[in-house]
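Protein chains in written order, with my numbering: chain A, 181 to 718; chain B, 3 to 407; chain C, 13 to 378. Report on one structure; see the data block that follows.
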Amino acid sequence: MSYRFRKFLKSKRKYTNAVQNAGPAEELYTSLDSNLSKIKQRTGNSSDIVIREMTTAQENKQIGVIFVEGIVDNRTIHDFLLESLMDDPAIETEGTERDVLETIAEKIVPLGEVTRVNNWKELYESLMSGLTIILVDGVMQGLSASTKGGERRSIQEPPTEISIRGPREGFTESLRTNTSLVRRRIKNPNLWVESLQLGEKTKTDVEIMYIEGIASEKNLNELRERLENINMDGILETGYIEELIEDQPSSPFPTIHFTERPDAVAGNLLEGRIAIFVDGTPFVLHVPSIFIQFFQSVDDYYSRAYIASSLRFMRIMVFLISLYAPATYVAATTFHQEMIPTQLLVVLSAQREAVPFPAVIEAFLMEITFEILREAGIRMPQAVGQTVSIVGALVIGQAAVQAGIVSPAMVIIVAITAIASFTTPSYSMAIAARLIRFGLMIVAASFGFYGLILSFIVIIAHLCSLRSFGIPYMAPLAPFIPADFGDSVIRLPRWGDKERPRLFTTKNEREGSGQKPTPPETRNIKKQQMKKGDLNDD
Amino acid sequence: MMIKGLLCFFSMLLSISILSGCWSNQELPDLALVSAIGIDLSEDGEFVNTIQVINPGNVAGEGIQNTGGSESPPVSTYTEHGYNMTEAQRRISKKVSRELYYAHTNLLVIGEKLAEERGIQEIFDALERDNEFRTTTKVVVAQDAKAEEIIKTLTSIDKIPANKVIKTLRSTERIWGENINLETRGLLQKLISPGTSPVISCFRAPGDEEKGEAIEGIQETQPPFRLQASGLALFKDGKLIHTVNGDTSKGILWVLDKIKETGVSLDWKQNKEAIVYEVIRQKTSVSAQVKNNQPKISVEVSAEGDIGETAVPIDLRKPHVLKDLEGLVEKEIKENLLSSIKKTQELQTDVLGFGEAVHRADSEAWKEMKENWNDEYFPEVEVDVKVHAFIRRTGLRNKPFLMDF
Amino acid sequence: MEKAKITPGQLFILIFLFELGSALLIPLGLSAKKDAWLAILLGMGGGLCLFLIYQALYNYYPDILPTTYMQEITGKVLGKLLAFLYLIYFLYIAARVLRDFGEMLVTFAYDETPLFIINALLLFCIVYTVHKGIEVLARTGELLFVLLYFLAVIGFVLVVVSGLIELNNLQPVLEEGIGPVIKTVVTETWYIPFGEVVVFTMIFPYLNRPKHVKAAGLTGIALSGLNIVITMVVNISVLSYELVSRSQFPLLNTIQAIEVAEFLERLDVFFMIALITGGFFKIGLYFYAALIGTADLFKVNGLSRLIYPLGLVVLFSSMTIASSYSEHIQEGIRFVPLYMHLPFQVIIPALLLLIAVVKNRKKQRL
């Protein structure tokens with residue numbers, strides 16, 4: 181164990197101490213009965229807390245077994261704990277020096293992890309995280325046996341990040357499953373996991389994962405420090421952590437990327453990033469994140485380089501469309517009619533003739549209608565969702581135009597914008613665009629293209645001023661880092677992109693030289709007597 | 003802190019959007035799209051402006067709203083007068099419910115009377131200074147008519163009459179070459195430059211004027227009143243001095259290197275204009291030399307083309323026949339050019355840009371000639387025309403079916 | 013000084029954007045008539061020489077701002093006075109360029125919007141970016157450079173495709189001899205835009221690799237100079253000298269002439285908007301130089317305390333320096349080059365360098 185890790189643990193201890201001060205860390209009682217009643221009282225007689233009292237066959241020792249139903253594996257408890265405790269004749273402590281707990285731990289309970297519990301605090305923590313507590317009458321200590329389990333969602337394809345080519349696995353709500361999915365991909369002892377508990381009340385398990393030797397020390401220390409500073413009562417999702425550790429909390433743009441895909445996490449770890457797992461959510465954060473990352477999908481890495489590059493380029497263009505399309509329409513039709521070709525202008529003008537609203541109001545109406553539909557579509561039960569989308573399509577498309585409330589061109593613009601906003605692979609980036617779009621529409625209505633270009637400059641300047649864990653957000657574009665450019669807007673083929681991104685790590689070589697495949701010069705196809713069936717399968 | 007900032011930001015956003023509500027901002031239905039401007043001179047020396055405003059619902063509105071249909075015309079026209087351009091233009095607002103928008107004005111028609119009597123220089127300042135009006139607007143002169151009449155005429159295929167004029171000019175310039183598709187920018191360059199004078203295409207509107215303005219007029223296959231391109235108007239010192247037609251105008255455009263494709267008819271052994279040579283591409287260059295203070299101009303044409311038509315039995319498979327034909331073509335073109343040049347020299351206006359060529363060749367000598375170029379030097383200038391014509395192909399057939407061997 | 017570092021690449025891009033800033037916009041070097049492009053080219057040569065002076069000064073004092081080393085070179089009192097004059101100069105030119113762009117917008121598209129609002133908006137964006145520091149300004153430059161260059165290439169291709177270029181319009185070259193050209197260089201194109209790189213003396217100390225200043229600066233000036241020359245050649249060959257000389261904003265008139273496929277026409281507004289990007293950097297850099305200079309001279313900690321007052325100074329002086337656009341332009345031609353650009357860009361730096369050389373020799377001898 182390295183020095184750093186110890187330091188980390190120490191600081192963690194500091195943190196837990198601080199929490200301990202709030203609650204008592206008293207020792208257990210000697211009497212089992214008083215222990216059990218204390219537990220009952222402390223947990224408010226909750227019905228999911230099971231307390232099983234029993235007596236050993238030989239010595240009439242009173243034993244209490246306590247666990248929380250639902251988060252433990254019932255079979256394990258039944259097969260390996262209760263049964264052996266009741267039947268095993270080995271509990272003979274009289275005449276031996278041995279402590280009864282030691283006997284139980286060493287001889288009787290065939291479980292992977294059995295540890296001692298010394299005080300109430302430890303007892304509750306273990307109990308609540310799915311361990312089973314064994315108390316013996318007359319002993320001021322207890323045992324906790326790892327029996328974590330219970331019902332979990334199985335591994336499924338991640339619903340928010342679908343890929344055409346690539347693994348179909350997605351993270352689940354179980355922390356251990358998630359880390360195992362990554363470890364299966366990187367079979368290397370250098371894949372290190374540090375864990376800590378966050379949330380005074382929830383005691384959520386949080387783990388950070390990185391590849392020792394690739395991830396940069398600076399980033400790791402920074403992350404540890406930021407995580408330690410979290411002092412909340414509950415952490416329910418990575419979103420809580422994201423908000424508490426990001427560099428620029430007031431920016432609409434996300435500076436921490438999340439994913440549901442283990443292959444994405446593995447890839448990011450290999451580039452020197454650090455992943456943050458939180459128990460109870462399938463989303464995994466990784467830091468540091470850069471702007472361009474939000475436009476990369478895992479598919480890019482599995483498909484051919486040209487295609488991946490052009491798709492990335494397209495995504496960025498489409499992102500700009502999703503930001504600027506309605507605003508540009510408003511600016512062009514109310515300020516800069518000269519830019520529209522005459523024929524098109526005549527058509528637009530004819531359409532707008534009967535529309536009672538100014539263009540900007542029309543745009544707002546349609547955009548808001550669309551946002552309502554989108555939000556409703558997410559919240560609706562799936563069975564109703566279909567109906568909503570049909571009604572929505574009718575409202576937006578047909579009826580509004582026929583009623584003369586909006587012009588067909590506006591419908592086209594809104595539709596393009598809507599579809600465009602779905603091409604951004606990252607939801608958090610797409611939703612930022614949704615928000616900014618409305619501001620841009622106001623600017624366009626007030627100052628036309630002048631307002632739009634100024635807003636564009638300001639947005640660019642804002643993006644350039646962002647940092648994620650100290651890494652410039654717009655890197656490797658600005659500041660331009662030629663070595664990292666190979667995997668940004670474009671993706672070079674594997675054999676052409678030999679280095680890890682310099683931004684995240686100093687150890688750059690990631691592949692050997694001469695990886696570019698070259699076929700042999702000629703294939704010696706000899707003239708030979710073809711027999712029947714030579715060319716077919718035989 | 004953050005909430006304060008956000009509040010500040012949004013209140014600013016809100017206030018700028020409210021404050022700026024009416025600056026430079028025009029909704030589409032509040033605009034009258036002017037497609038063409040016509041400028042005439044009235045009897046008492048005022049400018050008469052006629053504008054053609056597109057009625058969008060009638061051009062594109064069919065199928066969207068019920069306002070469309072061929073019952074009402076695709077454009078409306080408005081006429082007003084004033085002592086200067088701005089006055090005349092702004093006065094029109096008394097008649098139009100919308101703000102006039104000139105950025106899509108693609109056509110400027112100049113009345114013949116205005117061009118002859120007052121000159122065209124005055125009208126461009128207001129147009130050029132305006133930030134809506136574009137210098138890509140095409141210019142034509144109304145021949146034997148007021149600009150107003152051209153503007154008011156409805157056309158059948160292209161619903162917007164201005165478009166009809168522009169498209170006609172463009173296509174005829176490209177395939178026949180007696181008219182020039184001139185932009186305001188080019189016109190201005192020539193008006194300013196002392197070494198050249200402008201030529202502008204003419205448009206005529208023969209027929210019954212009253213009928214041309216009515217929608218019934220375009221409900222016939224052969225409307226009684228149809229806009230058509232005619233000759234070229236030659237200007238001197240900003241005033242129209244003469245209008246030329248046919249081969250003369252073609253010759254002028256040839257010297258100006260504006261010919262792209264055209265046909266050249268050749269005589270063949272007593273058969274008048276029996277063979278047609280189709281020019282596919284050509285290049286004309288004008289250069290000058292000054293010797294003893296006497297300028298000498300040489301015009302070099304090199305044309306490439308096909309045989310388009312033969313009305314006499316000749317065997318086009320034989321290269322020497324083509325050689326003979328090439329000689330004929332060269333002679334024909336040269337004569338055409340020389341006669342056109344002579345015509346302009348008679349009129350004492352250098353629409354051919356010879357002055358510019360002299361300027362380029364010898365700027366010292368030009369300084370002296372500049373003042374009296376049109377009246378003194380240009381009519382006397384010696385011109386040498388060289389033509390190289392090439393017949394590359396003979397079309398899909400080799401010999402005409404008239405040939406009986 | 014801020015704690016920030018920029019790379020030579022970023023310096024190159026900033027110089028490029030800065031030079032193009034308003035030089036593309038205004039009719040530059042037209043007193044040389046058709047040979048304006050030649051005047052610009054020669055002016056660029058002069059600019060390169062000036063840059064070498066600035067760079068030599070920087071080599072003597074690589075870590076401190078000119079406002080400080082002036083005091084070391086000429087003594088406390090005179091140095092402070094000089095530094096103060098430079099700050100005024102930067103602020104004034106920032107205001108002038110702001111006015112240029114505001115006037116362009118009002119003339120070309122926003123005739124009903126008050127100039128004050130137009131200027132205020134542009135300045136607001138500049139203040140926002142400058143507030144974030146030189147690093148952000150440089151990075152923004154890197155991204156917008158790509159955009160601007162892309163647009164420039166597109167514009168050039170469209171002009172060529174439309175068949176607008178008539179090189180005849182450039183002839184005869186040197187109609188009146190080299191005299192007028194030299195005169196234009198000395199009175200105009202040397203200073204605008206090339207001598208204006210004097211503002212980068214305030215930026216040099218931020219370089220992370222001081223050795224590369226020379227290469228970055230010279231290539232930046234050369235590339236931007238060539239671009240301006242090409243632009244002027246295109247302007248004159250499309251519009252002819254007569255139209256260019258009467259035009260307030262020749263480049264926009266050139267763009268206006270583009271007509272491709274009946275679809276790509278009337279693009280001037282689009283390009284006007286793109287030009288704002290250049291203006292943004294030009295004003296931004298002047299403003300930034302004034303800002304850090306003030307902070308350095310008066311020992312003010314933290315730029316944010318100065319940024320709003322100075323911003324207001326620029327904004328209001330941009331409104332009050334002239335009552336009409338013609339007055340503004342006349343000031344720019346008659347007064348500014350002779351009484352401001354010449355001393356601040358040429359004479360003072362040259363003298364400073366001279367003194368610095370002498371002083372350092374002495375030191376070495378001792």
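Where is the CB? At the ideal position from N, CA and C, for every residue including glycine.
Use the C-beta contact count for residue i: other C-beta atoms within 10 angstroms, 16 or more gives buried, fewer gives exposed.
i: K374 (chain C); result: exposed
i: N201 (chain A); result: With a pLDDT of only 43 at N201 (chain A), under the threshold of 50, the placement of this residue in the model should not be trusted, and no figure is reported.
i: Y279 (chain B); result: buried
i: Y81 (chain C); result: buried
i: H353 (chain C); result: buried
i: H322 (chain B); result: exposed
i: L130 (chain A); result: Since the first residue shown for chain A is 181 and the last is 718, residue 130 (chain A) is missing from the structure and cannot be characterised.
i: E518 (chain A); result: buried
i: Q169 (chain A); result: Residue 169 (chain A) is absent from the model: chain A starts at 181 and stops at 718.
i: G393 (chain A); result: exposed
i: L364 (chain C); result: buried
Using CA coordinates, which residue listed in the options is at the minimum distance from residue i?
i: Q376 (chain B); options: B:V98, B:T107 and B:G240; result: The sequence given here has Asn at residue 376 (chain B), not Gln. The residue with the shortest Cα to Cα distance from N376 (chain B) is B:G240.
i: L97 (chain C); options: C:L127, C:L235 and C:I360; result: C:I360
i: V535 (chain A); options: A:P588, A:I231 and A:F351; result: A:P588
i: R283 (chain B); options: B:W178, B:T155, B:T250 and B:V77; result: B:W178
i: A305 (chain B); options: B:D317, B:K333 and B:K298; result: B:K333
i: P652 (chain A); options: A:N448, A:V458 and A:P468; result: A:P468
i: P262 (chain C); options: C:A35, C:P20, C:F30 and C:Q22; result: C:A35
i: I319 (chain C); options: C:V118, C:L303 and C:G41; result: C:L303
i: E14 (chain C); options: C:F356, C:L315, C:H340 and C:R377; result: C:L315
i: H466 (chain A); options: A:E408, A:V478 and A:V445; result: A:V445
i: L64 (chain C); options: C:L103, C:A95, C:A234 and C:V348; result: C:A234
i: L376 (chain A); options: A:I436, A:Y209, A:E408 and A:S483; result: A:E408
Taking residue i as the query, report the chain C residues whose CB atoms sit under 8 Å from its CB, ordered along the chain.
i: A641 (chain A); result: C137, Y140, T141, K144, V148, L149 and T152
For a contact defined as C-beta to C-beta under 8 Å, what are the partners of residue i on chain B?
i: T119 (chain C); result: N133
What residues from chain C crowd round residue i, counting only those whose CB sits closer than 9 Å?
i: Q1 (chain B); result: In the structure as shown, chain B begins at 3 and stops at 407. Residue 1 (chain B) is therefore absent and cannot be evaluated.
Please list the partners that residue i has in chain C, where partner means a Cβ-to-Cβ separation under 7 Å.
i: E518 (chain A); result: R278 and V281
i: S365 (chain B); result: P184 and E187
Output, in chain order, the set of chain A residues within a Cβ distance shorter than 7 Å of residue i.
i: E274 (chain C); result: P521
i: G59 (chain B); result: A530 and E533
i: G21 (chain C); result: F660
i: Y103 (chain B); result: Q517
Going along chain A in order, which residues have a C-beta closer than 8 Å to the C-beta of residue i?
i: Q91 (chain B); result: Chain A residues near Q91 (chain B): none, gap ~17 Å exceeds 8 Å.
Just to confirm, does residue i get its C-beta within under 7 Å of one of the non-hydrogen atoms of the ligand NAD?
i: N688 (chain A); result: The ligand NAD is absent from the structure shown, which contains no ligand whatsoever.
> Of all the alpha helix (DSSP H) runs that stay within the bounds of the segment 253-325 of chain C, which reach a length of 4 or more residues?
Replying inline: 262-268 and 280-309
> Hey, is the segment 255-275 of chain C in contact with the segment 69-81 of chain C, meaning 3+ C-beta pairs nearer than 8 Å?
Replying inline: no
> Which parts of the segment 528-585 of chain A are runs of the alpha helix (DSSP H), unbroken and 4 residues or longer, counting only runs that do not cross its ends?
Replying inline: 539-559 and 562-573
>> Taking 8 Å as the cut-off, does the segment 190-199 of chain C touch the segment 329-341 of chain C (at least 3 CB pairs, one atom from each stretch)?
In response: no
>> Check whether the segment 294-302 of chain C and the segment 132-143 of chain C touch, using three or more Cβ-Cβ pairs below 8 Å as the test.
In response: yes
>> Please give me, in chain order, every unbroken run of the beta strand (DSSP E) with length at least 3 that falls completely inside the segment 236-296 of chain B.
In response: DSSP runs (the beta strand (DSSP E)) wholly in the segment 236-296 of chain B: 241-246, 264-270 and 273-293.
> Whole alpha helix (DSSP H) runs in the segment 141-227 of chain C with 4 or more residues, listed along the chain?
Replying inline: 146-173 and 191-196
> Taking three-plus beta-carbon pairs below 8 Å as touching, is the segment 39-59 of chain C in contact with the segment 244-257 of chain C?
Replying inline: yes
>> Check whether the segment 452-459 of chain A and the segment 678-691 of chain A are in contact - that is, three or more C-beta pairs closer than 8 Å.
In response: yes
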